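Under the working numbering, the first residue of the sequence shown carries the number 15, and numbering increases by one thereafter.
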Amino acid sequence: MGEENKQRRDGHGGKNKYAVACSIIGSIISILMGYDTGVMSGAMLFIKEDLKTNDTQVQVLAGILNVCALVGSLTAGRVSDWIGRRRTISLAACIFLAGSVLMGLSPNFGTLLAGRCVAGVGVGYALMIAPVYAVEISSAQIRGSVTSLPEICISFGILIGYVANYLLAKLPLVYGWRAMLGLGALPSAVLAVSVLAMPESPRWLVMQGRVEQALAVLRRVSDTADEADVRLAEIKTAAGLAADDAAAEDEGAPRQTRGVVVGKGVWKEMFLHPTPPVRRILVAAFGVHFFQHLTGIEAVVLYSPRIFKAAGIATRRDILAATIGVGVTKTVFIMTAILLVDRIGRRPLYLSSLAGIIASLACLGLGLTVVERSAPRHSPTWAVVLSIATVFTFIASFSVGVGPITWAYSSEVYPLRLRAQGASVGVAINRVMNAGVSMTFVSLYKAVTIGGAFFLFAGLAVLAATFFYFLCPETQGRPLEEIEEVFSRGWCTRLPSSEAAVVELPVSNVTDGNGKARP
């Protein structure tokens, strides 16, 4: 077992193409969420004109999806433990399909808002289940890359939304924005059916006591039978199931795993009586979600047309074309992150990303302040160029680190017994922060100027960097079942990735102080 673990961490094995393909298909659900974000940024220009909405209604329309995503995210963990990860992805697609149809056919603002609410529930499910499925189907060697796939799918969806805005803007006003929003129903229908051809998560199967089925899946998503056996043993240890109980499980008596299946005691362990390692895990996992949107990413992505207009781009068509550039930049740099995250580690990439974010936000705030104060006179060319350029450097910096690593890191740090519910709470925090930014940004920049708003985001990004540096240890290359041990060392453990790749942790011998094996 030790040699196999070491081999996987050193980069030999673990890059199973079938596992990668399953992770990609499972992550496609995130494209729907990205499409909604991207298409809404442009659709709001036309909705405001067609339905005669004011700025308050626009902010509510933008943010209500994330508020309703709370409902989805907080119930998705329990639902995924009940019906399985695969069926939960299908359910998310069906809910989003219903929301898209409602938005596309909406005759008034109230119906449109209702459609956004329904779609928001689907988004909450998608954001929780996509990274969880990816992390549970993949090996430690490729886990960082595949758990970043939901973020690249979100970015690709945003890009598709921007392109749809540009192309459908030529339609008559009454049809254009409805077509933009209704198109999301087509991929939802396809995904809801096709995802059922994927294998179920082997970790969920073990939680159900279906060990033989779990082993069959592991042998398909692992490079060798030995690797599959090692991964199964690690999963059983994390589930609190001794190796010599496998025969009893195979006969359909999962006595020791039933508590995991129904989530008995999970919420109590998370929030009332967490062990010190679990407490540190929760702070780290919830913290990265808390800070992700405080960098201002939702303000830039959702309100980029307004930002480009403030920077001096005049026509609606040019503004929509510029947003396509934002989508391309976001997608390209997230793909770069996927190539790097398992090579250089989570911490270096995340902290470098925040450095770029801080510099970009400060320069964007400076440029927009100069442009704003120059009005109604002609703005200095350097300020206009700086404002537009730093939108793209901000998107690039966010996409290469903070964007994908938030989801990868928060999905992999939870112990198996807490993963579904922990991921649900993390997504809920993420959606609250997203909604807070998207529903207040217009009011914020009217109160403190648009440049001042981005100076504020720069200061919050400094806090995010401080938090991650001191409270989030490196997890690169470790099997999921060993990560709790990393957090047992204290708050300031910053293990270099090279050391993390070779240290042997005998998880089967870790105890809780009472002589019992701890997952």
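A virtual CB, placed ideally from N, CA and C, is assigned to each residue, including glycine. What you are looking at is a predicted structure, and each value in this text was computed from that prediction instead of being measured.
What first and last residue would you give for the alpha helix (DSSP H) that runs through residue i?
| i | result |
| --- | --- |
| Gln155 | Taken as a continuous stretch (DSSP letters only), Gln155 belongs to no alpha helix (DSSP H), as it is neither H nor E. |
| Ala76 | 69-97 |
| Pro487 | Careful: Pro487 lies outside any alpha helix (DSSP H) and carries neither H nor E. |
| Thr345 | 330-358 |
| Lys282 | 280-285 |
| Arg293 | 290-306 |
| Lys184 | Segment: none, Lys184 is in no alpha helix (DSSP H) and carries neither H nor E. |
| Gln435 | 433-462 |
| Ile402 | 395-413 |
Checking 8 Å against the spacing of the C-beta atoms, do residue i and residue j come in under that value?
| i | j | result |
| --- | --- | --- |
| Thr102 | Tyr49 | no |
| Ser159 | Val355 | yes |
| Ala176 | Val340 | The sequence shown places Tyr at residue 176, not Ala. Yes, Cβ-Cβ distance for Tyr176 and Val340 is below 8 Å. |
| Thr383 | Thr463 | yes |
| Leu334 | Gly118 | no |
| Gln435 | Trp218 | no |
| Ala479 | Leu365 | yes |
| Leu232 | Leu246 | yes |
| Leu173 | Gly52 | yes |
| Ser438 | Leu88 | yes |
| Phe322 | Ser374 | no |
| Phe501 | Ile327 | no |
| Ile352 | Ile166 | yes |
| His303 | Gly440 | yes |
| Leu474 | Leu308 | yes |
In whole angstroms, what separates the C-alpha of residue i from that of residue j?
| i | j | result |
| --- | --- | --- |
| Tyr428 | Ser411 | 27 Å |
| Phe300 | Gly223 | 30 Å |
| Gly381 | Ser401 | 5 Å |
| Val414 | Gly129 | 32 Å |
| His287 | Ile497 | 20 Å |
| Val476 | Tyr459 | 20 Å |
| Val149 | Gly134 | 23 Å |
| Arg92 | Ser393 | 54 Å |
| Val385 | Leu378 | 11 Å |
| Val34 | Ser236 | 11 Å |
| Pro319 | Asn179 | 11 Å |
| Arg293 | Phe60 | 47 Å |
| Arg387 | Ala325 | 12 Å |
| Ala112 | Met221 | 31 Å |
| Ile42 | Phe285 | 32 Å |
| Thr507 | Phe482 | Note that Thr507 scores 49 on pLDDT, short of 50, meaning its location in the model is unreliable and no value can be drawn from it. |
| Met194 | Phe110 | 14 Å |
| Val275 | Ile371 | Here the model assigns Val275 a pLDDT of 43, short of 50, so the residue's position is not dependable, and the following value carries that caveat. Their backbone Cα atoms lie some 41 Å apart in a straight line. |
| Pro291 | Arg503 | 8 Å |
| Thr337 | Ala376 | 21 Å |
| Glu241 | Met212 | 21 Å |
| Ser114 | Arg433 | 30 Å |
| Ala389 | Leu368 | 32 Å |
| Val74 | Pro216 | 40 Å |
| Ser457 | Val225 | 54 Å |
| Gly466 | Pro201 | 39 Å |
| Thr289 | Arg431 | 13 Å |
With 16 as the cutoff for other CB atoms within 10 Å, does residue i come out buried or exposed?
| i | result |
| --- | --- |
| Leu181 | exposed |
| Pro510 | Reliability of the predicted coordinates at Pro510 is poor, the pLDDT of 45 falling under 50, and the value obtained from them is presented with this limitation in mind. By the 10 Å Cβ count, Pro510 comes out exposed. |
| Glu312 | buried |
| Ser37 | buried |
| Thr251 | buried |
| Asn448 | buried |
| Phe468 | buried |
| Glu248 | buried |
| Lys184 | exposed |
| Val137 | buried |
| Ala461 | exposed |
| Lys31 | exposed |
| Leu187 | exposed |
| Ala397 | buried |
| Ala298 | buried |
| Arg391 | exposed |
| Ala267 | For Ala267, the predicted structure reports a pLDDT of 45, less than 50, and the residue's modelled location is therefore unreliable. A value from the coordinates is still provided. With fewer than 16 other Cβ atoms within 10 Å, it is exposed. |
| Ala76 | buried |
| Ser153 | buried |
| Trp96 | exposed |
| Pro121 | exposed |
| Val399 | exposed |
| Asn68 | exposed |
Inter-stretch contact at 8 Å, needing at least 3 Cβ pairs: the stretch 195-215 / the stretch 42-57: yes
query: Is there contact between the stretch 418-436 and the stretch 133-153, where contact requires at least three CB pairs shorter than 8 Å?
result: yes
Contact the stretch 71-82 vs the stretch 450-467: 3+ CB pairs below 8 Å: yes
field: Given 8 Å, three or more beta-carbon pairs between the stretch 476-488 and the stretch 335-353
entry: no
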